[in-house]
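Below is one structure; the comments refer to it alone.
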Amino acid sequence: MPDHIMNAFEALGLFSNADKKLAQHLEKLPAKQKRTAKGVLESSVKLAYVLFAMGDTRAASELVEPISQIPFTNSYDCWTWIEAALVMKGRLAIAQGHNEEYDEAFRAAVAALKSGSELQMTVKANVHERFMDGQTLDTAFEDEENFVDEFEMRLSYITALMKIEFFGCSETWTGSRIESELLSNIARMNDIIVAKGIYKLAPYK
386 MPDHIMNAFE
396 ALGLFSNADK
406 KLAQHLEKLP
416 AKQKRTAKGV
426 LESSVKLAYV
436 LFAMGDTRAA
446 SELVEPISQI
456 PFTNSYDCWT
466 WIEAALVMKG
476 RLAIAQGHNE
486 EYDEAFRAAV
496 AALKSGSELQ
506 MTVKANVHER
516 FMDGQTLDTA
526 FEDEENFVDE
536 FEMRLSYITA
546 LMKIEFFGCS
556 ETWTGSRIES
566 ELLSNIARMN
576 DIIVAKGIYK
586 LAPYK
């Protein structure tokens, strides 16, 4: 993978070998999301997490695998979603007993955290510590009356929880607590998918 900042055309090319069903999901992504590499990566990773929530781990893996191979180039807009792909890759690897693949994903994510000047690394470490403690988690979805907004909030929530687990959990967010939260939120997301249809929810809306 080249180490320059990816453009939208290259990002879309990551999925040139997608099967018919996954290609249909990708085709239906909003056109505005396909104008930039960040838009393609963001919508594709969100789709991967939605498909994972629906139990389609094969499709989720097919989406995150090529994204997880993109190296860190100091583009944090894109890295947010590449890191999320590494997190999903790691989770699927552990579930399949492929510990080496998890280790590979973990090393890539940690390398980005430890890059930059001493000041940059200190700032990133402090932000990461607050994240691991759950200080940035948003649970406003509990009071949300709009299904579309609630779904996207829960999607962001499970993405964050999986990241905490990927990096080893914390005293506040233990593995058992995370798994319990994931189960209940994924169940609610599936209820909304049944009620509204996948194409009326994030990343399509």
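Heads up, the numbering used here is the position in the sequence shown plus 385, with the first residue counted as 1. Note that CB positions come from ideal geometry on N, CA and C, so glycine has one too.
In the three-state reduction of the DSSP assignment, D528 falls in the helix class.
Going by DSSP, T507 is part of the alpha helix (DSSP H) stretching over E503 to M517.
Short of 7 Å from the beta carbon of H483, and not among the five residues preceding or following it, lies no beta carbon of its own chain. Rounded to the nearest angstrom, the Cβ distance from E447 to A403 is 6 Å, consistent with a contact under 8 Å.
The stretch 575 to 586 makes no contact with the stretch 420 to 431, as fewer than three CB pairs between them are under 8 Å. Around the Cβ of F536, a 10 Å sphere holds 16 or more other Cβ atoms; the residue is buried.
Per DSSP, T465 is one residue of the alpha helix (DSSP H) stretching across Y461 to A480. In chain order, L471 place their CB closer than 6 Å to the CB of A493, counting only its own chain and leaving out the 5 sequence neighbours on each side. By the 16-neighbour rule on beta-carbons within 10 angstroms, V508 is exposed. Scanning the stretch 542 to 587 for uninterrupted alpha helix (DSSP H) segments of 4 residues or longer gives 560 to 581, listed from N- to C-terminal end. Between L546 and E566, the beta carbon gap of about 6 Å places them in contact (Cβ cut-off 8 Å). Annotated three-state conformation of K590 is coil, per DSSP.
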